[in-house]
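Asks: Sharing a structure with you now.
There are 2 protein chains.
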Amino acid sequence: MDANKVPDIVVSRLPIYLRALNRLAEEGQKVISSQALGDQLSISSAQIRKDLSHFGEFGKQGTGYVIEYLQAQLRRVLNVETVWPVVLTGCGALGRALANYPDFHSEGFEIVALFDNAPHKIGETVANMCIQDVVHLPEVVREREIKVAILAVPASAAQKTADILVEAGIRAILNYAPISISVPPEITVQHIDPAVYLQWMSYYLESPD
Amino acid sequence: MDANKVPDIVVSRLPIYLRALNRLAEEGQKVISSQALGDQLSISSAQIRKDLSHFGEFGKQGTGYVIEYLQAQLRRVLNVETVWPVVLTGCGALGRALANYPDFHSEGFEIVALFDNAPHKIGETVANMCIQDVVHLPEVVREREIKVAILAVPASAAQKTADILVEAGIRAILNYAPISISVPPEITVQHIDPAVYLQWMSYYLESPD
DNA sequence: TAGATTGTTAATCGATTAACAATC
DNA sequence: TAGATTGTTAATCGATTAACAATC
Numbered sequence: 000m001d002a003n004k005v006p007d008i009v010v011s012r013l014p015i016y017l018r019a020l021n022r023l024a025e026e027g028q029k030v031i032s033s034q035a036l037g038d039q040l041s042i043s044s045a046q047i048r049k050d051l052s053h054f055g056e057f058g059k060q061g062t063g064y065v066i067e068y069l070q071a072q073l074r075r076v077l078n079v080e081t082v083w084p085v086v087l088t089g090c091g092a093l094g095r096a097l098a099n100y101p102d103f104h105s106e107g108f109e110i111v112a113l114f115d116n117a118p119h120k121i122g123e124t125v126a127n128m129c130i131q132d133v134v135h136l137p138e139v140v141r142e143r144e145i146k147v148a149i150l151a152v153p154a155s156a157a158q159k160t161a162d163i164l165v166e167a168g169i170r171a172i173l174n175y176a177p178i179s180i181s182v183p184p185e186i187t188v189q190h191i192d193p194a195v196y197l198q199w200m201s202y203y204l205e206s207p208d
Numbered sequence: 000m001d002a003n004k005v006p007d008i009v010v011s012r013l014p015i016y017l018r019a020l021n022r023l024a025e026e027g028q029k030v031i032s033s034q035a036l037g038d039q040l041s042i043s044s045a046q047i048r049k050d051l052s053h054f055g056e057f058g059k060q061g062t063g064y065v066i067e068y069l070q071a072q073l074r075r076v077l078n079v080e081t082v083w084p085v086v087l088t089g090c091g092a093l094g095r096a097l098a099n100y101p102d103f104h105s106e107g108f109e110i111v112a113l114f115d116n117a118p119h120k121i122g123e124t125v126a127n128m129c130i131q132d133v134v135h136l137p138e139v140v141r142e143r144e145i146k147v148a149i150l151a152v153p154a155s156a157a158q159k160t161a162d163i164l165v166e167a168g169i170r171a172i173l174n175y176a177p178i179s180i181s182v183p184p185e186i187t188v189q190h191i192d193p194a195v196y197l198q199w200m201s202y203y204l205e206s207p208d
């Protein structure tokens, strides 16, 4: 029950459960069993029950889980009951697409400031925000106590930008740059690299010819 | 040694090894030990050696791994010795950013056709390709024997588009839509959802208060 | 009540690590 | 040769699953 001891792999499944529940709620469903949820996600019912049991008892025997209640509990566990402000660094095509991503707010995040270092981009408006010079990033992060950043700069600028983010007080970085970055161990980094996922999938393809 | 029996989790690490090796090669390094590679990736040296041993003996005692040779072996194992043609569905902001992603080709993939269903987008040129009506997708996929697709459509169109892709003969889908899709078991799907990764990271943040 | 499903225990399964002989 | 590092074995560690009493 001690949240400090919950395995990473269990935590990593909770957002996936939450996403499925959000969808079911939208469709008007009120209750779901671990079996039915597992069928949707290709996960065993036992695993779902075990995962949830790390955090409390959220279901009812004979009935299953009340979706609205379980959503609220998972949001609480995942720390997304409120909305985290997020800074986005790098306003190229990918950064702009992310700035306009519609679902962040409902999932607990809101991009509140955009940064770049290209003079011709600074001052431009994207998603109703003015792109700022990255030299102002530390003061914005400190003033607004921002803990979460999205890194969407080119590979060549990734490590330097990551250093600035960490120095400014950022604690979690979602890294879209196609390169690994080094950060102190207390900083959480999640790397999103389409080439890595494509290569993983191509392993399972039969070779052409 | 039988590749059919290699655990998924081992395969999923190979692209990460390859990315690190590519970087080292660019920096001019010729040889690396499992220890040094592991230090960079926060993975134990034993795990790296064990993972690689599923596929062959690629190192030399006392020396380590010749980077160029190990890159070539990993590319072979991952099935990216040649370049896979890829179709991209959904030419919104995210799709356009992906169409211009510079590193696909060197990693073994090339986007060769863009599709959308919005009449005002069809005919437009993005990344030197003409956006085509999604009704032509099946013939393009069949003619060119395309096996890999990127799904960058809105959530509301994701399942329908996935059905079209599968029906056309696609075997691997990289799904950027913020919704789970159902496909037959022989199709490989990898889901990239920034909200999922952000929520996973927020678990480790101290709550604001 | 009868049927269904949870939460939990114990067993199983699989992945990681430590250690070292082999050998470059 | 001496030092370094692999590939592999066996031990450890941890995650998943099966099963079922509890109970809605």
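So the sequence lines, in the order shown, correspond to chains A and B. Under numbering that gives the first Met the number 0, the residues of the first sequence are numbered 0 to 208, in order. Under numbering that gives the first Met the number 0, the residues of the second sequence are numbered 0 to 208, in order. Even glycine gets a Cβ: it sits at the ideal position worked out from N, Cα and C. Computed from a prediction, not measured in an experiment: that's the story for all the values here.
(1) Assign Leu-209 (chain A) to one of three DSSP states: helix, strand, or coil.
(2) For Gly-63 (chain B), I'd like the list of residues in its chain whose CB is within less than 6 Å of its CB, leaving aside the five on either flank, ordered along the chain.
(3) Nearest chain A C-beta to Gln-198 (chain B) closer than 7 Å, yes or no?
(4) Strictly by DSSP, which residues pair up with Trp-83 (chain B)?
(5) Are any of the Cβ atoms in chain A nearer than 7 Å to that of Ser-32 (chain B)?
(6) Check distances from the C-beta atoms of the segment 83-108 of chain B to those of chain A and list, in chain order, the residues that come in under 8 Å.
(7) Gly-55 (chain B): buried (16+ other C-beta within 10 angstroms of its C-beta) or exposed?
(8) One question on the structure: do Val-195 (chain A) and Pro-137 (chain B) come within less than 7 Å of each other, judged by their Cβ atoms?
(9) Could you say which of A:Val-85, A:Ile-42, A:Val-5 and A:Gly-58 lies nearest to Pro-193 (chain B) if we only look at CA atoms?
(10) Between which two residues does the alpha helix (DSSP H) harbouring Ile-15 (chain B) extend?
(11) When burial is assigned at 16 or more other CB atoms within 10 Å of the CB, is Arg-18 (chain B) buried or exposed?
(12) Determine which residues of the segment 7-28 of chain B have a Cβ less than 8 Å from any Cβ of chain A, and write them out in chain order.
(13) What number of angstroms, rounded off, separates the C-alpha of Asn-174 (chain B) from the C-alpha of Phe-108 (chain A)?
(14) Rounded to the nearest angstrom, how far is the Cβ of Leu-69 (chain B) from that of Leu-113 (chain B), given a contact under 8 Å?
(15) With distances taken Cα to Cα, identify the nearest neighbour of Ser-179 (chain A) among A:Leu-204, A:Leu-150, A:Thr-124 and A:Tyr-203.
(16) For Thr-160 (chain B) and His-135 (chain A), what's the separation of their Cα atoms in angstroms?
(17) Taking only three categories from DSSP, how would you classify His-190 (chain B)?
(18) Considering only the beta carbon of each residue, do Arg-141 (chain A) and Leu-204 (chain B) sit closer than 7 Å?
(19) Under 9 Å Cβ-Cβ, which residues of chain B neighbour Ser-179 (chain A)?
(20) Can you give the Cα-Cα distance for Asp-208 (chain A) and Thr-81 (chain B), rounded to whole angstroms?
(21) Determine, for Val-79 (chain A), whether the minimum Cβ-Cβ distance to residues of chain B falls below 7 Å.
(22) Between the C-alpha atoms of Ser-201 (chain B) and Glu-166 (chain B), what's the straight-line distance to the nearest angstrom?
(23) What's the call for Ala-98 (chain B), buried or exposed, on a 16-neighbour Cβ count within 10 Å?
(24) What distance in whole Å lies between the Cβ atoms of Ala-96 (chain A) and Ala-96 (chain B), which are believed to be in contact at a cut-off of 8 Å?
(25) If I follow the unbroken beta strand (DSSP E) through Gln-72 (chain B), where does it start and stop?
(26) Along the beta strand (DSSP E) that carries Asp-162 (chain B), what are the first and last residues, could you check?
(27) Does the CB of Arg-143 (chain A) have a neighbour CB from chain B at under 7 Å?
(28) Is Thr-160 (chain B) close to chain A, meaning its C-beta is less than 7 Å from at least one C-beta of that chain?
(29) Which stretch, first to last residue, makes up the alpha helix (DSSP H) that contains Ala-35 (chain A)?
(30) I need the boundaries of the beta strand (DSSP E) containing Gln-131 (chain B), first residue and last residue.
(31) Who are the near neighbours of Ile-66 (chain B) in its chain, counting only those whose CB is closer than 7 Å to its CB and skipping five residues on each side?
(32) So, for Gln-198 (chain B): in the same chain, excluding its five sequence neighbours on each side, which residues have a beta-carbon less than 7 Å away from its beta-carbon?
(33) Determine which residues share a DSSP beta bridge with Thr-88 (chain B) and list them.
(34) Counting only Cβ pairs nearer than 8 Å, list the residues of chain B close to Pro-193 (chain A).
(35) With DSSP run on the structure shown, which of helix, strand or coil describes Lys-59 (chain A)?
Replies: Quick look at the numbers:
(1) The structure shown does not extend to residue 209 (chain A), since chain A spans only 0 to 208, so no value can be given for it.
(2) Val-30, Ile-31 and Ser-32
(3) yes
(4) B:Phe-108
(5) no
(6) Trp-83, Val-85, Gly-91, Ala-92, Leu-93, Arg-95, Ala-96, Leu-97, Asn-99, Tyr-100, Asp-102, Phe-103, Glu-106, Gly-107 and Phe-108
(7) exposed
(8) no
(9) A:Val-85
(10) 7-25
(11) buried
(12) Val-10, Ser-11, Leu-13, Pro-14, Ile-15, Leu-17, Arg-18, Ala-19 and Arg-22
(13) 21 Å
(14) Not confirmed; about 35 Å, so no contact.
(15) A:Leu-150
(16) 42 Å
(17) strand
(18) no
(19) Ile-15, Arg-18, Ala-19, Arg-22, Gln-39 and Leu-40
(20) Because Asp-208 (chain A) carries a pLDDT of 47, less than 50, the predicted location of this residue cannot be relied on, and the following value inherits that uncertainty. Roughly 11 Å between the two C-alpha positions.
(21) yes
(22) 38 Å
(23) buried
(24) 5 Å
(25) Here Gln-72 (chain B) belongs to no beta strand (DSSP E); instead the alpha helix (DSSP H) covers 66-77.
(26) Here Asp-162 (chain B) belongs to no beta strand (DSSP E); instead the alpha helix (DSSP H) covers 154-167.
(27) no
(28) no
(29) 33-40
(30) 128-132
(31) Leu-20, Leu-23, Ala-24, Gln-28, Lys-29, Val-30 and Ile-31
(32) none
(33) B:Phe-114 and B:Leu-150
(34) Leu-97, Tyr-100, Phe-103, Ile-149, Leu-173 and Ile-191
(35) strand
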